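A.B. asks: First the structure, then my questions, so here it is.
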Amino acid sequence: MALVLIADDSAVARVSVARRVRAAGIEVVEEESAAGASAVDASGLACALLDIELGDGDGTEVAERLRERRETLPIAFFSSTRAPEILARAAAFGPVFAKPDQLDQAVDWIRKSAV
C-alpha cells in the first residue's frame, strides 16, 4: 500500500485531506509541524503534500530536507499563502494548490502520485 505524508499545522485541513486520501485506500502519515514532517523517512513515501506555512517552520525547507534524502520524491503544496515569491519557491518543487478551493485537485494529485 502506498504511503503519503500530509503536513499541515491546520488540523481541519490536514484531517480533511487525510480522510479523503484514506478513503481511496492510501495510507497516510499526518504531521502538524515542520520538525515532525522533516523527521519522516522519505524512502518509504509515495509523495508528500505540505503546507507552506507550518507553525514551526517553512514547508519549502521541509521539501528541501525530504529531497535531500530522496531526489525523486513527488512533492506538492496545499496552502492559503498568496505571496508570489513564496509561491514561486514552492512551485520549484511541484504543484501548488490553493487552500481550501483546490482540495479536490490536491487529493487527485495524491491519488495519481501514489500509484
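For the working numbering, count along the sequence shown from 1 and bump the result up by 120. Backbone N, C-alpha and C fix where the C-beta goes; we use that ideal spot for every residue, glycine too. This structure is a prediction, so every number in the text was calculated from the model and none was measured.
(1) What does the alpha-carbon distance come out to for the pair Ala-226 and Ala-159?
(2) Decide yes or no for the touch test of the region 205 to 215 against the region 163 to 180: beta carbon pairs closer than 8 Å, at least 3 of them.
(3) Terminal residues of the continuous beta strand (DSSP E) containing Ile-195?
(4) For Pro-194 and chain B, any beta-carbon pair shorter than 7 Å?
(5) Looking at the secondary structure, which residues open and close the alpha helix (DSSP H) in which Ala-208 lies?
(6) For the beta strand (DSSP E) holding Val-160, just list the boundary residues, first then last.
(7) Checking 7 Å against the spacing of the C-beta atoms, do Ala-157 and Glu-150 come in under that value?
(8) Helix, strand or coil: how does DSSP classify Val-235 here?
(9) Can you list, in chain order, the residues of its chain with a C-beta nearer than 7 Å to that of Arg-134? Leave out the 5 residues immediately preceding and following it.
(10) Looking only at its own chain, which residues have a Cβ that is under 8 Å from the Cβ of Arg-142, when we skip the five neighbours before and after it?
C.D. replies: From the atom records:
(1) Your numbering for residue 226 matches position 106 in the sequence shown. Your numbering for residue 159 matches position 39 in the sequence shown. Computed Cα separation, rounded: 23 Å.
(2) yes
(3) Numbered from its first residue, the sequence shown carries residue 195 at position 75. Where Ile-195 is concerned, the enclosing beta strand (DSSP E) stretches over 195 to 199.
(4) Here there is only one protein chain, and chain B is not present.
(5) Position 88 of the sequence shown, counted from the start, is the residue given in the question as residue 208. From DSSP, the alpha helix (DSSP H) with Ala-208 extends over 204 to 211.
(6) Here residue 160 refers to the residue found at position 40 when the sequence shown is read from its first residue. Premise fails: Val-160 is in no beta strand (DSSP E) and is neither H nor E.
(7) To locate residue 157, count along the sequence shown from 1; it is residue 37. To locate residue 150, count along the sequence shown from 1; it is residue 30. Not closer than 7 Å, so no.
(8) Here residue 235 corresponds to residue number 115 of the sequence shown, with the count starting at 1. Correct three-state label for Val-235: coil.
(9) Translated into positions along the sequence shown, residue 134 becomes position 14. Excluding residues within five positions, the ones whose Cβ falls inside 7 Å are Ile-126, Asp-128, Glu-150 and Glu-152.
(10) Residue 142 sits at position 22 when you count from the first residue of the sequence shown. Around Arg-142: Val-148.
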